[in-house]
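According to our numbering, the residues represented by the sequence shown are -12 to 180, in order.
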Amino acid sequence: MLRRLYQWVIDLSERPSASWALAGISFAESSFFPVPPDLMLVPMCVAKPERAWWYAFICTVASVAGGLLGYAIGALLYDTVGTFLIGLYGYGDKVEAFNAAYAHYGHWIILIKGLTPIPYKVVTITSGFAHYSLFWFVVLSVITRGMRFFLVAGLLFWIGPAARDFIEKRLGLVTAAFAVVVVGGFIAAMYLF
């Protein structure tokens, strides 16, 4: 099943709709969806390394746009949708502490948490809830999300076909390692948030 999913994403990278699918996942992940865009970004960069920079750009723009939706949820709909989403990810009791931390460390929170596997939607929703400066939210989101996606794309571009060989020969191991990083991000967010 894992190999079929991987092959589906590789095949998807050949279609004209590939960029749209990547943008959709990146947008949704920044505001409400639990699956990170790396699950599509990595195989797409492996399949077409010459388009890795374009894919990173798409992820960055769509992620920041999705972050604006998350920000709006936090600023305008926190009592309904925001509370539900934050509670769904297990951070409901930590929002007040996060809000207080924004007063002193808002820039650093966005920059650091945007690079990590900690769910970015938690940052976007609580940024809106904390009424953090929208201008700085966008600027810092572009920096941190761009760094994350361009780093992944750059590594895959630089390593090239060797990355594809490594991933395809050890797909189970790579997937398990990725799952550990994502779950670790959720756990870290629960204790470091």
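All C-beta atoms in this analysis are idealised placements derived from N, C-alpha and C, irrespective of residue type, glycine included.
Item	Value
Once you ignore the five residues that flank Phe19 on each side, which residues in its own chain have a CB closer than 7 Å to its CB?	Leu72 and Lys108
So Thr47 packs on Gly101, CB below 8 Å; how close in whole Å?	Incorrect: roughly 11 Å between the Cβ atoms, too far for contact.
What's the C-alpha gap between Ala10 and Val139?	16 Å
I need the DSSP call for Tyr119, collapsed to helix, strand or coil.	coil
Are Ala5 and Met31 close, meaning C-beta to C-beta below 8 Å?	yes
To the nearest angstrom, how far is the alpha carbon of Leu143 from that of Ala39?	8 Å
Straight-line CA distance for Gly93 to Tyr119?	7 Å
Between the C-alpha atoms of Ile45 and Asp66, what's the straight-line distance to the nearest angstrom?	31 Å
Locate the alpha helix (DSSP H) running through Phe19, then write down its first and last residues.	Taken as a continuous stretch (DSSP letters only), Phe19 belongs to no alpha helix (DSSP H), as it is neither H nor E.
With DSSP as the reference, label Pro3 as helix, strand or coil.	coil
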